[in-house]
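Everything below concerns the one structure shown next.
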Amino acid sequence: GEDVEQSLFLSVREGDSSVINCTYTDSSSTYLYWYKQEPGAGLQLLTYIFSNMDMKQDQRLTVLLNKKDKHLSLRIADTQTGDSAIYFCAERYQGGKLIFGQGTELSVKP
Amino acid sequence: EAGVTQFPSHSVIEKGQTVTLRCDPISGHDNLYWYRRVMGKEIKFLLHFVKESKQDESGMPNNRFLAERTGGTYSTLKVQPAELEDSGVYFCASSQIIDGELFFGEGSRLTVL
Numbered sequence: 101g102e103d104v105e106q107s108l109f110l111s112v113r114e115g116d117s118s119v120i121n122c123t124y125t126d127s128s129s130t131y132l133y134w135y136k137q138e139p140g141a142g143l144q145l146l147t148y149i150f151s152n153m154d155m156k157q158d159q160r161l162t163v164l165l166n167k168k169d170k171h172l173s174l175r176i177a178d179t180q181t182g183d184s185a186i187y188f189c190a191e192r193y194q195g196g197k198l199i200f201g202q203g204t205e206l207s208v209k210p
Numbered sequence: 002e003a004g005v006t007q008f009p010s011h012s013v014i015e016k017g018q019t020v021t022l023r024c025d026p027i028s029g030h031d032n033l034y035w036y037r038r039v040m041g042k043e044i045k046f047l048l049h050f051v052k053e054s055k056q057d058e059s060g061m062p063n064n065r066f067l068a069e070r071t072g073g074t075y076s077t078l079k080v081q082p083a084e085l086e087d088s089g090v091y092f093c094a095s096s097q098i099i100d101g102e103l104f105f106g107e108g109s110r111l112t113v114l
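Sequence order for the protein chains is L and X.
Per my numbering, the first sequence starts with residue 101, numbered consecutively.
Per my numbering, the second sequence starts with residue 2, numbered consecutively.
Right, here's the structure in full:
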């Protein structure tokens with residue numbers, strides 16, 4: 101079935117690294133995504149990874165993909181208070197629709 | 002260029018009433034999607050239009066929900082009659098091609114009392 105799982109909360113101190121984890125079910129997904137939702141705002145695409153890649157780095161963001169275990173993670177280096185938001189993992193199904201996880205609320209303490 | 006716009010941003014109605022949400026996709030985007038997030042749960046797919054045709058409506062919860070996209074431009078999502086469990090944030094997204102990047106609106110928050 102279609103299922104993406106994430107832990108609900110993560111709290112870190114400013115300057116630390118944050119790691120948000122996600123598991124998914126469809127091994128045929130071609131792309132996996134991380135979206136960010138700040139309070140009162142819409143969904144912003146943060147980064148994505150193609151399914152034949154293991155890792156993608158984009159400035160402070162590192163995405164790791166373990167296709168065998170269907171595990172995706174997002175690491176944010178030097179986490180800032182402005183990174184406080186809800187982070188959604190999503191996989192892309194055939195036909196274009198995204199299946200999202202529940203979202204991980206990241207709280208960054210000064 | 003304008004992004005995806007949704008209206009209203011917040012609607013409060015009583016159980017049994019009707020609400021219509023509107024989404025204006027990015028101009029030229031044939032693909033339009035509706036999603037919903039209920040009470041801190043996952044964002045769930047509702048349906049997908051390609052131009053004016055419903056490509057996939059497998060996520061529509063029941064027949065109280067009616068989505069239209071006449072002329073293949075903006076879309077409306079009508080809930081009639083609304084129930085308490087329909088409360089949540091309804092997101093609209095559009096893309097130029099079927100596997101292209103999805104651009105999301107800011108969402109319409111629906112509160113049913």
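Ideal Cβ placement from N, Cα and C applies to all residues, glycine included.
Computed from a prediction, not measured in an experiment: that's the story for all the values here.
Q. Taking 7 Å as the CB-CB cut-off, is Gln202 of chain L touching chain X?
A. With 7 Å as the cut-off, Gln202 of chain L counts as an interface residue toward chain X.
(Q) If I follow the unbroken beta strand (DSSP E) through Asp126 of chain L, where does it start and stop? (A) In the DSSP assignment, Asp126 of chain L falls outside any beta strand (DSSP E) and carries neither an H nor an E.
Q: Could you check which residue in L:Asp178, L:Leu143 and L:Leu165 has the C-alpha nearest to that of Gln159 of chain L?
A: For Gln159 of chain L, the closest alpha carbon among the candidates L:Asp178, L:Leu143 and L:Leu165 is that of L:Asp178.
Q) What does Phe8 of chain X reach in chain L if we use C-beta pairs closer than 7 Å? A) Chain L residues near Phe8 of chain X: none, gap ~13 Å exceeds 7 Å.
Q. Secondary structure at Glu86 of chain X, three-state DSSP: helix, strand or coil?
A. helix
Q) Straight-line CA distance for Ile120 of chain L to Gln81 of chain X? A) 38 Å
Q. Any idea if Asn32 of chain X is buried or exposed, counting beta-carbon neighbours within 10 angstroms, 16 or more meaning buried?
A. buried
(Q) Between the stretch 144-164 of chain L and the stretch 195-202 of chain L, can you find at least three pairs of beta-carbon atoms closer than 8 Å? (A) No, the stretch 195-202 of chain L is not in contact with the stretch 144-164 of chain L.
Q: Keeping to the same chain, check which residues put their C-beta closer than 6 Å to that of Val39 of chain X; ignore five residues upstream and five downstream.
A: Gly89
Q | Within 7 Å, strictly: CB atoms of Leu47 of chain X and Ser109 of chain X | A | no
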